[in-house]
Amino acid sequence: MKKKRAEKRRHVVAWMNKAEWEQVVDYLHSHEPTLQTHALQRVSAWKGRFGPSTPVAVESTANLVRCQILDRSGKLERDDLVLLYGMALTRFINLILERKQGRVAKPLRRLASTMNIPEWIVNLRHEITHRRLPTLKWCRKGCEFVLNWLQQQFWSRQLSSLSDWNSSSEEEDNEEESMKWQEEDFMKRQKEIERHKRARELIISYEREQFQVFEDLLTQGSGRGSWPNASADLSWILAQIQQLNSETRDAVINTLVQDGFLIPTTEQLESLNIDPSEELLDPLTPCVPPEFLRFWLPLLKVLNSSWFINHLLEKLFSELTTEPTNHRAYYTSAWISEILHCNCRNESKAFKRMRMMKERLFINRMSLRWHELISMCVNSPCAATPFLLQQILMDMDKPLPLETQCNLLRLCTIYTQSHLGNSSPSNIDPSHPVYTLESLQKRVGGANQLPDVAAELAKAPPTQEVQEQLSVETVQERNAALRGSAWSVCTDKVPWKQYPLGKVPGQTDDPSCLMVETFCTLTVFDQQVKGHSHQGNQSVPLQNRTGSDGSVWTHNDLTKLKAGLKLF
């Protein structure tokens, strides 16, 4: 019976032997484009032998690996890559789950849960097929997860001599594998939770030590200035945090960006003799208070590395996308600005002094992912976005064209309703007022050059309305120029930003308010217009008539004219 059952399970495969199978598996997961391309060629040969019966897992793996190769080549645009990843992920979900469907269609989420496929993968497929396309970051994340899932559920089993993907014996073993996978996943989550808990405890211990140091400084009467070297207890805590950061890359960073750490609470600011009132903060040019910077310098110097700085910037920018409070947005932007300042090529005197005093996060210039920083900065708009974007554009190793930089800064300024550099209204020359479209075009043409922002980084001018900057002489001059027309210069303090373009204060939504009324001097015909009259009017040339020869158009006359109009 056993021999017959074994013979019954035999079937023909497309690969020559187990060695070829193992080689293809290793090459597919090698992350080397050359080896992966060779593996895809072997899979193409298998598909030629299999025909329509190619295993779904083999085809899905090949599609996803092909997407990764094209992604790493850098030859495709981001939108093209999203479409490629989307097709591969959609085919994976459809082909894997349709074999679980019965006579009555079941929700994909329920079917996915029985195969240990998380719900967010199914949601990603729904977004690709029915909604707005996800970002390239999420497509890459989904691809990585699916490849790991296929590695565990298919490739590893084949290597363990479980060759029949659809056999009944494998379905029986599926529950055991599922339980084992769930246990492993649970253990991984537990370890991650423990690491986050450990990171929080260590950083809280670090804060306690630093607050004690600050109290000692106040007792000695030297609360301001550089702090003493780390004590033995603080050095041990820093070593533990550094060790934890090497073991897990996310626990320390995720903890630092929480409230009570790099984002201080009101009580923490008061303990460091820092005024916590938000009225003193300038959201356009955020800056970390010096005493708060010295508080965190020992820890950030220990964790200083190119990887840590890049991921900290990425995490800080992602925090800005969650619509934080003004306080949280200010300190998040301030830390981003502080990191960019430390990496600045053109140092100010203040920063040179800070470097000599060793009060900077890092001394040597680091290699940052500049284009990703620009993308993250633009995708997380806040009041300080123009200021941060300006810093990034200045420090890039390969700067963007001047016109592109200028356009980016202007767009950010418009979107965030803030002013920066020479684009501020305070730079308007009152001796050359803008009256007409032609003069405005001349003004814009002369301002197309990118302003020299190196000297303006320290402080951006506050936002002001144009009418607040007009002098009395300028108002009189402009009123004299407009005398005799229907226009005049508005000197009232009107919040124009609250009115859409084309509307003025006091204007109603009734379209009739735009009709010409008493100030029109055109004359009417001698015969009055009547809605039911069928006789035409005898027109008189306007140049032979004066304003005193006929009556003035009135609102009632215009209403009668409107009533007599007929549309074709």
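Numbering (UniProt numbering), first residue to last: 1 to 568.
For each residue, glycine too, the CB sits at the ideal point set by N, CA and C.
Fair warning: this is a prediction, and the values are worked out from it, not measured in the lab.
- For Gln390, the enclosing alpha helix (DSSP H) begins and ends at Thr385 to Asp395.
- Between the C-alpha atoms of Ala88 and Cys67 there is a straight-line separation of about 8 Å.
- Going by beta carbons, Leu482 and Val475 fall outside the 8 Å limit.
- Gln190 and Phe295 have their C-alpha atoms roughly 32 Å apart.
- Straight across, the Cα-Cα distance linking Ala383 with Pro276 is about 19 Å.
- Residue environment for Ile263: buried (at least 16 other C-beta atoms within 10 angstroms of its C-beta).
- Within the DSSP secondary-structure output, Ile263 pairs in a beta bridge with Asp259.
- Setting aside the 5 residues that flank it on each side, Thr265 is surrounded in the same chain by Asp259, each with a C-beta closer than 8 Å to its C-beta; the list follows chain order.
- Going by beta carbons, Val146 and Phe92 fall inside the 8 Å limit.
- Taking C-beta separations shorter than 7 Å and ignoring five residues to either side along the sequence, the partners of Arg125 in its chain run Leu89, Thr90 and Ile93, following chain order.
- The residues Glu119 and Val122, in chain order, have a CB closer than 6 Å to that of Arg109 in the same chain once the five nearest residues on each side in sequence are set aside.
- Comparing alpha carbon positions, the residue from Pro55, Pro286, Leu303 and Arg140 closest to Leu83 is Arg140.
- In this structure, Phe387 sits near Ser337, with a CB-CB distance shorter than 8 Å.
- The stretch 245 to 260 makes contact with the stretch 303 to 318: 3 or more CB pairs, one atom from each, lie closer than 8 Å.
- The C-alpha of Trp236 lies about 12 Å from the C-alpha of Val302.
- When rounded, the separation of the alpha-carbon atoms in Ser380 and Lys398 is 23 Å.
- Counted as a single uninterrupted DSSP element, the alpha helix (DSSP H) harbouring Met87 occupies residues Arg78 to Glu98.
- Annotation: the continuous alpha helix (DSSP H) that includes Leu313 extends over Ser306 to Leu320.
- Three or more beta-carbon pairs separated by less than 8 Å are not found between the stretch 324 to 337 and the stretch 238 to 249, which leaves the two stretches without contact.
- When the beta-carbon positions are compared, Ile374 and Leu340 stay at least 8 Å from each other.
- Within its own chain, the residues whose Cβ lies closer than 6 Å to the Cβ of Cys287, once the five positions on either side in sequence are excluded, are Ala334, listed in chain order.
- Taking the CA atoms as reference points, Ala57 sits about 8 Å from Ile96.
- Inter-residue distance for Thr219 and Tyr206 is about 20 Å (C-alpha atoms, whole angstroms).
- Burial check for Leu411: the Cβ neighbour count within 10 Å stays below 16, so the residue is exposed.
- The residue among Glu144, Thr34, Ile253 and Arg369 with its C-alpha nearest the C-alpha of Arg195 is Ile253.
- DSSP places Tyr27 within a helical segment (H, G or I) once states are collapsed to three.
- Distances from the alpha-carbon of Asn17 to those of Gln158, Asp395, Gly86 and Cys377 put Gln158 closest.
- Cβ atoms of Leu361 and Leu300 come within 8 Å of each other, at about 5 Å.
- DSSP places Gly484 outside both helix and strand once states are collapsed to three, so it counts as coil.
- Look at Pro290 here: in three-state DSSP terms it is helix.
- Taking a 10 Å sphere around the C-beta of Gln210, we find 16 or more other C-beta atoms and assign the residue as buried.
- A check of alpha carbon separations from Gln390 across Thr54, Cys344, Thr321 and Ser271 identifies Cys344 as the nearest.
- DSSP places Arg365 in the coil class of the three-state scheme, outside both helix and strand.
- Per the coordinates, the alpha-carbon of Glu184 lies some 20 Å from the alpha-carbon of Gly142.
- In chain order, Arg195, His196, Ala199 and Leu244 place their CB closer than 7 Å to the CB of Ala251, counting only its own chain and leaving out the 5 sequence neighbours on each side.
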